[in-house]
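Residue numbers (the working numbering): 722 to 1164.
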């Protein structure tokens, strides 16, 4: 799914005019004296990025985003340890002699990222909030708050992402994979706009993670030995992700069905509690079973007995809401019947796979891989590369297997739908109450 929100929500009319002017200024690299703002999280990567920039002759400052209100309905803090992160950012900035500011974007994050993601999880699909966050928050809402030099109309935003940027022969920015392929984060950046990319700086793109850690020790940064963070920040100490979602989504139990025998072998608490391809861990079964697909019509989870079962393998995905970074210039050949040769990823930690991509008559983008992909879930982000050049991404709307399963579910549906609308409304009302409580804390 795609999050569509109005842009330029925060600035005055004059500031919006200035920002529009900035978005159309000649693309170039920063010059001495230019304003550069580095986004810092309290981790080692953004700390080293700030230190490397501090060696340059820029007008450098730092910004820390608070994207999550950790207080739940009881008023206690149980999520991200943002206070500790903020303290680490301040200590690093103090040692570098640069100013730092905290900005609260938790309301924008809830409305633009988390609420839409909950709707996708509840439907049984698998969203990627990190990809959305880079487009809508870091290179969206945050850019609208950054200081702009009124004389040059230029400001730059640097991050600790492992990615690179260069310029095409016609002076347009290109998003490139990082040198360290094991840490490359261009997948997470695949939905950002050309205007956002033009303003971006990625100081770590030419370094490996090992080198970055060594630099942090050499620079004696406070965060040099800080462990690497993994997963979604807002889950925090709540532990298992499905338990976290259960605090926002009402239970909606349904059957777990053996796809090979069509027998019910267990019960699930909600479609969001399982991910395609994972070990279902159904009690009482003599062998491992793996989630092959979800049936939102009958609120059922289907499993298969082998991790390499054909139902877990896909060669073809259909993507909607496709966003090219160069929005007005998709690859040559993408509209031809033969398509465009590229490489695709459907998750961050995955080797890219050779594929053919082509635009369908309905505007969706079809991706056909040379080798089968395992564990493809609706809602996942599929991103395309031409070599190490990231072109853009879209949301997986259907797969070869999912189309067959959907038709089968409709044809064989022998019971009326459970009161899904009522359940959905109740769940949304609960989330609205949580949202109101959360936003009241941030006022």
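Backbone N, C-alpha and C define an ideal beta-carbon position, used for all residues, glycine too.
Please return the same chain residues whose Cβ sits closer than 8 Å to the Cβ of residue 847, not counting the five positions on each side in sequence.
Reading the chain shown from its first residue, position 126 is the one you call residue 847. Same-chain partners within the cutoff: 841, 996, 997, 1098, 1099, 1100, 1101.
### Message
On the CB-based measure, 16 or more other CB atoms within 10 Å of its CB, does residue 888 come out buried or exposed?
### Response
Taking the first residue of the chain shown as position 1, residue 888 is located at position 167. Per the 10 Å Cβ criterion, exposed.
> Which residue's Cα is closest to the Cα of residue 824: 1066, 762, 1045?
Replying inline: Along the chain shown, one-based indexing puts residue 824 at 103. Residue 824 has its Cα closest to that of 762, out of 1066, 762, 1045.
Worksheet item: With DSSP run on the structure shown, which of helix, strand or coil describes residue 997?
Response: For the purposes of this step, residue 997 is taken as the residue at position 276 of the chain shown. Of the three classes helix, strand and coil, the one that applies to residue 997 here is coil, per DSSP.
Check: Can you give the Cα-Cα distance for residue 962 and residue 909, rounded to whole angstroms?
Finding: Start at 1 with the first residue of the chain shown, and residue 962 comes out as number 241. Start at 1 with the first residue of the chain shown, and residue 909 comes out as number 188. So the two alpha carbons sit approximately 20 Å from each other.
Open item on the list: So the candidates are 940, 1020, 993, 1046; which of them puts its Cα closest to the Cα of residue 843?
Closed with: As a position in the chain shown, residue 843 is number 122, starting the count at 1. Measuring from the Cα of residue 843, the nearest candidate turns out to be 993.
Three-state secondary structure (DSSP) of residue 830
Working through the chain shown from its first residue, we reach residue 830 at position 109. It is helical.
What three-state label does DSSP hand residue 1069 in the structure shown? Translated into positions along the chain shown, residue 1069 becomes position 348. Correct three-state label for residue 1069: coil.
**Item:** Cβ pair residue 990, residue 972 closer than 8 Å
**Value:** For this step, residue 990 is matched to residue 269 along the chain shown. For this step, residue 972 is matched to residue 251 along the chain shown. Yes, they are a contact pair.
query: Does the beta-carbon distance from residue 1031 to residue 1010 come in below 8 Å?
result: Position 310 of the chain shown, counting from 1, holds the residue named residue 1031. Position 289 of the chain shown, counting from 1, holds the residue named residue 1010. No, the pair does not count as a contact, with Cβ atoms beyond the cut-off.
Review point. What do you reckon, are the CB atoms on residue 925 and residue 769 nearer than 8 Å?
Key: Counting from 1 along the chain shown, the entry for residue 925 is found at position 204. Counting from 1 along the chain shown, the entry for residue 769 is found at position 48. Yes. Within cutoff.
Legend entry - Identified DSSP bridge partners for residue 895: Here residue 895 refers to the residue found at position 174 of the chain shown. Bridge partners of residue 895: 887.
Return the first residue and the last residue of the beta strand (DSSP E) that residue 837 is part of.
Residue mapping note: residue 837 aligns to position 116 of the chain shown, counting from 1. Here residue 837 belongs to no beta strand (DSSP E); instead the alpha helix (DSSP H) covers 836-843.
inquiry  = Is it the case that the region 1078-1086 contacts the region 888-904, given that we only count it when at least three CB pairs across the two stretches are under 8 Å?
reply    = For the pair of segments examined, the region 888-904 was found not to touch the region 1078-1086: the number of CB pairs separated by less than 8 Å stays below three.
*Which one of 1021, 821, 904 has the shortest CA to CA distance from residue 984?*
Here residue 984 is taken as the residue at index 263 of the chain shown, counted from 1. The shortest C-alpha separation from residue 984 is found at 1021.
For residue 927 and residue 898, what's the separation of their Cα atoms in angstroms? Position 206 of the chain shown, counted from the first residue, corresponds to residue 927. Position 177 of the chain shown, counted from the first residue, corresponds to residue 898. Their Cα atoms are separated by approximately 10 Å.
**Study point:** Contacts around residue 912, its chain only, beta-carbon distance under 6 Å, and the 5 residues preceding and following it disregarded
**Key:** Walking along the chain shown from the start, residue 912 turns up at place 191. Hits under 6 Å: 852, 856, 1044, 1114.
- Message: Output needed for residue 944: all residues of its chain with C-beta closer than 8 Å, excluding positions within five of it in sequence on either side, in chain order.
- Response: Against the chain shown, residue 944 aligns to sequence position 223. Closer than 8 Å at Cβ, skipping near neighbours: 763, 764, 765, 768, 809, 813, 937.
Next item on the list: Would you mind sorting residue 917 into buried or exposed? The rule is 16 or more other CB atoms within 10 Å of its CB.
Entry: For the purposes of this step, residue 917 is taken as residue 196 along the chain shown, with counting starting at 1. Buried, since its Cβ has 16 or more Cβ neighbours within 10 Å.
TODO: Starting from residue 757, follow its DSSP beta bridges and name the residues at the other end.
DONE: As a position in the chain shown, residue 757 is number 36, starting the count at 1. According to DSSP, residue 757 bridges with 781, 877.
Could you tell me whether the region 864-882 touches the region 770-782, where touching means 3 or more Cβ pairs closer than 8 Å?
Three or more beta-carbon pairs separated by less than 8 Å link the region 864-882 to the region 770-782, which places the two stretches in contact.
| Same chain only: Cβ atoms within 7 Å of residue 1130, ignoring 5 sequence neighbours per side | Locating residue 1130 in the chain shown gives position 409, counting from the first residue. Legend: pLDDT at residue 1130 = 48, less than 50; position of this residue unreliable, no value from coordinates given.
Quiz item: For residue 1014, which three-state DSSP category applies?
Solution: Position 293 of the chain shown, counted from the first residue, corresponds to residue 1014. Of the three classes helix, strand and coil, the one that applies to residue 1014 here is strand, per DSSP.
- Count the other CB atoms within 10 Å of the CB of residue 850; is the residue buried (16 or more) or exposed (fewer)? Residue mapping note: residue 850 aligns to position 129 of the chain shown, counting from 1. Burial call: buried.
- Query: Between residue 1012 and residue 876, what straight-line distance do the alpha-carbon atoms span, to the nearest angstrom?
  - Reply: Mapped onto the chain shown, residue 1012 falls at position 291. Mapped onto the chain shown, residue 876 falls at position 155. Answer to the nearest angstrom: the Cα atoms are 47 Å apart.
Margin query: In whole angstroms, give me the CA-to-CA distance for residue 1110 and residue 1047.
Written below: Translated into the one-based positions of the chain shown, residue 1110 becomes position 389. Translated into the one-based positions of the chain shown, residue 1047 becomes position 326. As the crow flies, the alpha-carbon of residue 1110 is around 12 Å from that of residue 1047.
Task: Complete beta strand (DSSP E) runs within the region 1045-1101 (minimum length 3 residues, chain order) - done: 1061-1066, 1074-1080, 1086-1095
- Give the straight-line distance between the Cα atoms of residue 1087 and residue 1078, rounded to the nearest whole angstrom. Numbered from its first residue, the chain shown carries residue 1087 at position 366. Numbered from its first residue, the chain shown carries residue 1078 at position 357. So the alpha carbons of these two residues sit roughly 6 Å apart.
- Message: Report the CB separation of residue 827 from residue 788 in whole angstroms; it is logged as a contact under 8 Å.
- Response: In the chain shown, residue 827 corresponds to position 106, counting from 1. In the chain shown, residue 788 corresponds to position 67, counting from 1. With a Cβ gap of about 6 Å, residue 827 and residue 788 count as contacting.
What residue range is occupied by the uninterrupted alpha helix (DSSP H) comprising residue 984?
-> For the purposes of this step, residue 984 is taken as residue 263 along the chain shown, with counting starting at 1. Here residue 984 belongs to no alpha helix (DSSP H); instead the beta strand (DSSP E) covers 984-989.
Query raised in the report: Between which two residues does the beta strand (DSSP E) containing residue 976 stretch?
Result: Here residue 976 refers to the residue found at position 255 when the chain shown is read from its first residue. Note, residue 976: beta strand (DSSP E), 975-979.
task = Please look up how many angstroms separate the CB atoms of residue 869 and residue 829, rounded, as I've assumed it's under 8 Å.
result = As a working note, residue 869 is residue 148 in the chain shown. As a working note, residue 829 is residue 108 in the chain shown. No, residue 869 and residue 829 are not in contact; Cβ-Cβ is about 19 Å, not under 8 Å.
query: With 16 other CB atoms within 10 Å as the buried threshold, where does residue 1050 fall?
result: Mapped onto the chain shown, residue 1050 falls at position 329. When all chains shown are included, residue 1050 counts as exposed.
### residue 1036 to residue 1094 span [Cα, whole Å]
Stepping through the chain shown from its first residue, residue 1036 is reached at position 315. Stepping through the chain shown from its first residue, residue 1094 is reached at position 373. Each residue's alpha carbon lies about 6 Å from the other.
### Message
So, for residue 988: in the same chain, excluding its five sequence neighbours on each side, which residues have a beta-carbon less than 8 Å away from its beta-carbon?
### Response
Counting from one through the chain shown, the residue named residue 988 turns up at place 267. Residues of the same chain with a CB within less than 8 Å of the CB of residue 988, apart from the 5 flanking positions on each side, are 974, 975, 976, 977 in chain order.
(message) Could you compute how far the alpha carbon of residue 1163 sits from the alpha carbon of residue 803?
(response) Along the chain shown, one-based indexing puts residue 1163 at 442. Along the chain shown, one-based indexing puts residue 803 at 82. Annotation note: pLDDT 45 at residue 1163 (below 50); position unreliable, coordinate value reported separately. Approximately 14 Å between the Cα atoms of the pair.
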